[in-house]
Amino acid sequence: MKTILITGGAGFIGSHVVRLFVNKYPDYQIVNLDKLTYAGNLANLKDIEGKPNYEFVKGDLVDGGLILKLFEEKQFDGIIHLAAESHVDRSISNPTEFVFTNVIGTVNLLNAAKNIWKDNIEDKLFYHISTDEVYGSLGLEGMFTEETAYDPHSPYSASKASSDHFVRAYHDTFGLPALVSNCSNNYGSFQFPEKLIPLFINNIKNNKPLPVYGKGENVRDWLWVEDHARAIDVIFHRGIAGETYNVGGHNEWKNIDLIRLMCQVMDRKLGRETGTSEKLITFVKDRAGHDLRYAIDSGKLQKELGWEPSLQFEEGLEKTIDWYLANEDWLANVTSGDYQKYYEEQYTKR
Ligand code: NAD
Ligand code: TYD
47 MKTILITGGA GFIGSHVVRL FVNKYPDYQI VNLDKLTYAG NLANLKDIEG KPNYEFVKGD
107 LVDGGLILKL FEEKQFDGII HLAAESHVDR SISNPTEFVF TNVIGTVNLL NAAKNIWKDN
167 IEDKLFYHIS TDEVYGSLGL EGMFTEETAY DPHSPYSASK ASSDHFVRAY HDTFGLPALV
227 SNCSNNYGSF QFPEKLIPLF INNIKNNKPL PVYGKGENVR DWLWVEDHAR AIDVIFHRGI
287 AGETYNVGGH NEWKNIDLIR LMCQVMDRKL GRETGTSEKL ITFVKDRAGH DLRYAIDSGK
347 LQKELGWEPS LQFEEGLEKT IDWYLANEDW LANVTSGDYQ KYYEEQYTKR
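Quick note on numbering: the sequence shown equals residues 47 to 396 in our numbering.
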């Protein structure tokens, strides 16, 4: 019997990780700690909320006292740390929130693990989930490896880079058994519709403009979220403390090509004439500090731990679009209230 803390389990990736662990490991007690910000939604976990090996705790990582108390009470064997402020555009409008949650929140967790585990670190693991955005921006050639030097450009990636450095510093200085993985852009069900794919699915459905930043020439490497959750499972169980693992889909898309593909698929699914949704494409002012290209070399994870993506992108995109079209209530629920205000602030002045 192990007790595992998963932070940010009510968010997009976290909910997939919680679901996988609760279903796959009935012997583990899974504790999901989440503040339930705008991005956290317990409806993402409805199917497993009644399971005996699952518990939800509402709490803010920035509250160091609360975190320590929780560690004292639960005596966690392992931690999978996903909670974060995660949206680049929000980090440009409000960087400070990113420092509180992503940096201070992570340090609070590290302190609690260090103090509670002390010398009793056998079989313990602090697993920190990070992003490829810490490596900065690529030109048209090359890929990020685990050795690529950090060069973050947005307040989001700067805060994630800082938290990664703290995790490695606690490993090197205090001997905390810790590791980091850096993943490329995820897509799939339960992603908040502020990120490109769910935002554009929602806008196409509602015949709203599709705000493409700059010329749409930026490139992202897309990975299906359930493949990321599988990678997290593999790394948590077989990864080596002190190591870093890159996770990616080997699936690069220029934004404008991806958006055109989404328009075609949505035209078909919505019974619209081909070309209808593409007319919604609207080029708007570029994002400040917009990284040109991300591409991940996940060869180490594939060779050493045997993980690889399971889905072709076209299939994953179809599944994702089907999910959003079939889950209108979920979408309506998360886009009510504050979402409208965010959308207006973000897009009306561009
Ligand atoms: P998300 O924004 O969907 O979810 C974040 C979750 O963290 C939410 O449930 C939110 O309520 C919770 N949270 C935020 N602040 C908190 C606080 N102070 N205390 C406790 N809980 C708090 O994010 P996501 O897209 O699921 O990303 C999860 C992790 O994976 C993040 O660390 C992110 O940096 C990383 N990541 C994301 C992607 C991606 O494409 N989404 C890619 C690589 C890495
Ligand atoms: P996003 O989903 O925000 O992920 P990230 O910035 O973390 O990679 O954006 C993916 C790409 O899509 C990125 O190059 C910015 C671009 N984008 C738009 O062109 N318009 C939009 O409205 C959004 C949200 C993103």
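Think of the CB as a built atom: it goes at the ideal place given N, C-alpha and C, for glycine as much as any other residue.
Mapping DSSP to helix, strand and coil, what is residue i?
i: phenylalanine 246; result: helix
i: asparagine 232; result: strand
i: isoleucine 286; result: coil
i: glutamate 100; result: The question names glutamate, but residue 100 in the sequence shown is tyrosine. Strand.
i: histidine 127; result: strand
i: threonine 394; result: coil
i: glutamate 193; result: coil
i: glutamate 374; result: helix
i: threonine 53; result: strand
i: valine 68; result: helix
i: tryptophan 270; result: strand
i: leucine 357; result: coil
i: aspartate 169; result: coil
i: valine 265; result: strand
i: leucine 351; result: helix
i: glutamate 95; result: coil
i: serine 61; result: helix
i: glutamate 143; result: helix
Per the DSSP calculation, residue i is bridged to which residue(s)?
i: serine 227; result: Ile175, Tyr291
i: valine 330; result: Tyr259
i: tyrosine 74; result: Lys48
i: aspartate 80; result: Lys104
i: leucine 184; result: Arg339
i: glutamate 298; result: Asp267
Do residue i and residue j have their C-beta atoms closer together than 9 Å?
i: glycine 317; j: tryptophan 270; result: no
i: tryptophan 268; j: asparagine 292; result: no
i: alanine 224; j: phenylalanine 172; result: yes
i: leucine 155; j: proline 255; result: no
i: asparagine 297; j: proline 355; result: yes
i: histidine 62; j: alanine 277; result: no
i: leucine 91; j: glycine 54; result: no
i: valine 68; j: leucine 116; result: no
i: isoleucine 167; j: leucine 114; result: no
i: leucine 128; j: glycine 60; result: yes
i: aspartate 106; j: lysine 70; result: no
i: phenylalanine 246; j: aspartate 343; result: no
i: phenylalanine 146; j: tryptophan 376; result: no
i: valine 311; j: leucine 363; result: yes
i: serine 209; j: valine 149; result: yes
Thinking C-alpha only, which one of the options is nearest residue i?
i: arginine 284; options: Val258, Leu347, Asp332, Ile247; result: Leu347
i: alanine 89; options: Lys261, Asn373, Asp279; result: Asn373
i: valine 134; options: Phe144, Asn248, Lys395, Asn154; result: Phe144
i: alanine 85; options: Lys395, Arg396, Thr381; result: Thr381
i: isoleucine 138; options: Leu338, Val63, His199; result: His199
i: asparagine 157; options: Glu168, Gly111, Ala378; result: Gly111
i: glycine 352; options: Gln358, Val280, Lys331; result: Val280
i: aspartate 303; options: Asp273, Val258, Thr290; result: Val258
i: glutamate 101; options: Val149, Ile50, Thr142, Gly288; result: Ile50
i: glutamate 391; options: Asn161, Glu272, Asn140, Ser323; result: Asn140
i: aspartate 93; options: Asp109, Phe117, Val77, Val64; result: Val64
i: isoleucine 126; options: Thr328, Trp299, Thr152, Gly96; result: Thr152
i: aspartate 178; options: Leu91, Asp337, Lys81; result: Asp337
i: tyrosine 370; options: Gly221, Asn248, Ile286, Val265; result: Asn248
i: leucine 222; options: Gly295, Phe246, Phe212; result: Phe212
i: tyrosine 74; options: Asp165, Gly124, Glu118; result: Gly124
Could you give the first and the last residue of the continuous alpha helix (DSSP H) run that contains residue i?
i: aspartate 343; result: Premise fails: aspartate 343 is in no alpha helix (DSSP H) and is neither H nor E.
i: valine 149; result: Careful: valine 149 lies outside any alpha helix (DSSP H) and carries neither H nor E.
i: glutamine 121; result: Taken as a continuous stretch (DSSP letters only), glutamine 121 belongs to no alpha helix (DSSP H), as it is neither H nor E.
i: aspartate 313; result: 301-316
i: arginine 136; result: 134-139
i: arginine 214; result: 201-220
So is the beta-carbon of residue i under 8 Å away from any non-hydrogen atom of the ligand SAM?
i: glycine 111; result: By its list of ligands, the structure shown excludes the ligand SAM, since it contains just the ligand NAD and the ligand TYD.
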